[in-house]
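Quick note on our numbering: the sequence shown kicks off at 1 and runs consecutively.
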Amino acid sequence: MPPGGPDCLHDQSNYFDQIVQRYKNTIAAQFYGHSHQDQFEIAYSDYTKQTEANAVSVAWIAPSLTPRVFMSDGNPAFKTYDIDPDTYEVMDAHVYYADVSSSSFQTSPTWAPYYS
């Protein structure tokens, strides 16, 4: 569950943010699920001035294989990442989805690229 979301307790999210701030030169990225949506969040050193200069970390939030129809387009999806082996930086993310309205979905879903 990503910090800062409505399901996350405020104090715990705040404590985790303090850890991210302290180790911002060590943490290459953060990876989450749970929201059932394809999203990202940016952690800032100063949340009152959210600028590129204050950005310290990115949280990649993967889509869900069990989407909630009221929260998304209703298609299951997953994400893969290209990671730099030296810096561990995320170089690219690839999202794949299966079309639930396809006649073959229940027996053999076809995973297709959605975006990169």
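From the three backbone atoms N, C-alpha and C, an ideal C-beta is built for every residue, glycine too.
First and last residue of the uninterrupted alpha helix (DSSP H) at residue i
{"i": "residue 16", "result": "10-22"}
Where residue i falls: helix, strand or coil (DSSP)
{"i": "residue 41", "result": "strand"}
{"i": "residue 112", "result": "strand"}
{"i": "residue 55", "result": "strand"}
{"i": "residue 61", "result": "strand"}
{"i": "residue 83", "result": "strand"}
{"i": "residue 77", "result": "strand"}
{"i": "residue 88", "result": "coil"}
{"i": "residue 95", "result": "strand"}
Cβ separation of residue i and residue j, assumed to be a contact under 8 Å, to the nearest whole Å
{"i": "residue 61", "j": "residue 2", "result": "5 Å"}
{"i": "residue 116", "j": "residue 92", "result": "6 Å"}
{"i": "residue 57", "j": "residue 30", "result": "6 Å"}
Assigned exposure category for residue i - 16 Cβ within 10 Å defines buried
{"i": "residue 10", "result": "exposed"}
{"i": "residue 14", "result": "exposed"}
{"i": "residue 97", "result": "buried"}
{"i": "residue 94", "result": "exposed"}
{"i": "residue 67", "result": "buried"}
{"i": "residue 36", "result": "buried"}
{"i": "residue 112", "result": "exposed"}
{"i": "residue 117", "result": "Since the first residue of the chain shown is 1 and the last is 116, residue 117 is not available in this structure."}
{"i": "residue 59", "result": "buried"}
{"i": "residue 28", "result": "exposed"}
{"i": "residue 55", "result": "exposed"}
{"i": "residue 77", "result": "buried"}
{"i": "residue 43", "result": "buried"}
Residue range of the beta strand (DSSP E) that includes residue i
{"i": "residue 31", "result": "30-32"}
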